[in-house]
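Novice: In the UniProt record's numbering, the protein residues as written are 1 to 330.
Pasting a structure below so you can have a look.
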Amino acid sequence: MPETVLITGISGYVGAHIAHTFLSAGYNVRGTLRSMTTAPAILSRYRGFENNLTFVSVPDIAAPHAFDDAVKDVVGVIHTASPFVLDVTNNEKDLLLPAIRGTTNVLDAVGRTGPAVRRVVVTSSFAAVLDLAKGNRPGYRYTEMDWNPVSYADAKGAESASVAYCASKAFAERAVWEWVRDHEPRFSVVSVNPPWVFGPGVDGGRLNESLEAIQKLVDGSRSEVPGVDFAGFADVRDLATAHLRAFEVEEAAGKRFLVANGKFDYQAAVDIVRRRFPELKGVPVGRPGVVTETYEVDGGRAREVLGLEYRSLESTLVDTVRWLVENGHV
């Protein structure tokens, strides 16, 4: 009988790829949904795995005991569910508290009602690592030792939703490691921290923030090449593999993993797209070959401990743009 793993946020871009990866590796998957009315549409994404995928309703990840039923009889939890919206009205209500409480709720539930769980893998973010105030920081190399230093008060009052989002990931992950320190659980915990995540979707539906960023870059929406925001990237398929390995590899226990393959620069991206897709006439030209000097994101630990092999930026972008075109988004 295959073992069952719980994946929160299975309807999302990253969660969907993680589910595919675990199903392909022979696991049964239980996915959390805010509403069970979406279950049939989501199940249709997983042809051939219909008997290996079930769903459980978790309407509000920040509600007390939200995951108590969901974690029963599973051997692992992959926690991807977290708000990623930049159009917010209240930083604390819309971003900070849901991210923090959602994550600690998972850990509390495993402690109460998930005795079979041997590992929890938390999808964090490079946003929990990056010091936004330092800017592009040429020559600096971010590693798993770095933390976003923003204070809660500054995040709560920030006018920039980007600052609040980055802070939500940092405080949620800090809460994970504080929980582990305070509870000394029988299960192990791992965090996975990607920057920008690109790559094809699992169906032709709505776009998440990162896919929309590439769409706007190539569909004529932009007349100029944007400046740097997150100067690193991961392919969503590599990220999904990283979650599987983070769950399975014994040496991963208790570690953070930056999952990133080199730099991401919008100018480099449009140069690749214009060369590989000359038929797309709306791609801005910018200054071909001129990229911004920035920090680096060191994904070496994931390569060494998890055995992760990264796709190149060109491979990732080509597959992303091809998927956008084939599904009518460009």
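Every residue gets a Cβ at the ideal spot worked out from N, C-alpha and C, and that includes glycine.
These numbers were taken from a predicted model, which means no experiment stands behind them.
Taking all protein chains shown into account, decide if E173 is buried (16 or more other Cβ within 10 angstroms of its Cβ) or exposed.
Specialist: The residue in question, E173, is buried, as its Cβ has 16 or more Cβ neighbours within 10 Å.
Novice: Alpha carbon to alpha carbon, how far is L6 from G76?
Specialist: The straight-line gap from Cα to Cα measures roughly 6 Å.
Novice: Taking Cβ positions, are N91 and A164 nearer each other than 7 Å?
Specialist: Closer than 7 Å, so yes.
Novice: State the Cα-Cα distance for the pair E209 and P138, rounded to the nearest angstrom.
Specialist: Taking the straight line joining both Cα atoms gives about 26 Å.
Novice: Whether or not the stretch 140-149 and the stretch 289-306 are in contact is what I'm after, with contact meaning three or more pairs of Cβ atoms, one per stretch, closer than 8 Å; do they touch?
Specialist: The answer is yes - the stretch 140-149 touches the stretch 289-306, with three or more Cβ pairs under 8 Å.
Novice: Buried or exposed: G199, going by 16 or more other Cβ atoms within 10 Å of its Cβ?
Specialist: G199 is buried by the Cβ-count criterion.
Novice: Can you tell me whether P195 is buried or exposed, with buried defined as 16 or more other CB within 10 angstroms of its CB?
Specialist: Classification of P195: buried, given that the 10 Å Cβ count is 16 or more.
Novice: May I ask you to list the residues that DSSP assigns as paired with S221?
Specialist: Answer by DSSP bridge pairing: none, since S221 is not bridged.
Novice: Taking only runs that begin and end inside the stretch 221-246, name each unbroken beta strand (DSSP E) of 3 or more residues, in chain order.
Specialist: List check, beta strand (DSSP E) in window: 233-235.
Novice: Within a Cβ cutoff of 7 Å, which residues of the same chain sit near A25, ignoring the five residues on either side of it in sequence?
Specialist: So the list reads L244, once near-sequence residues are dropped.
Novice: How would you write the range of the alpha helix (DSSP H) that T38 sits in, first residue to last?
Specialist: It is not in any alpha helix (DSSP H) - T38 carries neither H nor E in the DSSP assignment.
Novice: Taking the alpha-carbon of C166 as reference, which of I10, R206, D271 and S125 has the nearest alpha-carbon?
Specialist: Measuring from the Cα of C166, the nearest candidate turns out to be S125.
Novice: Can you have a look at P288 and say buried or exposed, based on whether 16 or more other CB atoms are within 10 angstroms of its CB?
Specialist: With fewer than 16 Cβ atoms within 10 Å of its Cβ, P288 is classed as exposed.
Novice: On a Cα-Cα basis, can you pick out the residue from D73, T113, A99 and R112 that is closest to V122?
Specialist: Among D73, T113, A99 and R112, the Cα nearest to that of V122 belongs to A99.
Novice: Would you say the stretch 253-267 touches the stretch 182-194, given that touching needs at least three Cβ pairs under 8 Å?
Specialist: Contact holds: three or more Cβ-Cβ distances are below 8 Å.
Novice: Of the choices I214, V176 and L95, whose alpha-carbon is the least far from that of A155?
Specialist: The residue with the shortest Cα to Cα distance from A155 is L95.
Novice: Between the C-alpha atoms of G9 and E224, what's the straight-line distance to the nearest angstrom?
Specialist: So the alpha carbons of these two residues sit roughly 34 Å apart.
Novice: Would you identify the three-state DSSP class for R276, choosing helix, strand or coil?
Specialist: Of the three classes helix, strand and coil, the one that applies to R276 here is helix, per DSSP.
Novice: Under 7 Å Cβ to Cβ from A175, same chain only, skipping five residues before and after it: list those, please.
Specialist: Around A175: I100, T103 and T104.
Novice: Counting beta carbon pairs with one atom in the stretch 49-61 and one in the stretch 26-38, are three or more of them shorter than 8 Å?
Specialist: The stretch 26-38, when compared against the stretch 49-61, does touch it at the 8 Å Cβ threshold.
Novice: Could you name the residues of the same chain whose beta carbon sits closer than 6 Å to that of F55, not counting the 5 residues immediately before and after it, in chain order?
Specialist: The residues are G31, L33 and A39.
Novice: Do the stretch 304-312 and the stretch 258-276 touch if we need at least three Cβ pairs shorter than 8 Å?
Specialist: Yes: the two stretches touch, three or more of their Cβ pairs being nearer than 8 Å.
Novice: Rounded to the nearest angstrom, how far is the Cβ of A170 from that of N148, given a contact under 8 Å?
Specialist: Right, the Cβ-Cβ distance comes to about 4 Å (below 8 Å), so this counts as a contact.
Novice: Kindly list the residues whose CB is nearer than 8 Å to the CB of Y27, restricted to its own chain and excluding five residues on each side of it in sequence; keep chain order.
Specialist: P2, E3, T4, V5 and N52.
Novice: Going by alpha carbons, who is nearest to V330 out of G204, R45, V14 and L313?
Specialist: With distances taken between Cα atoms, V330 lies closest to G204.
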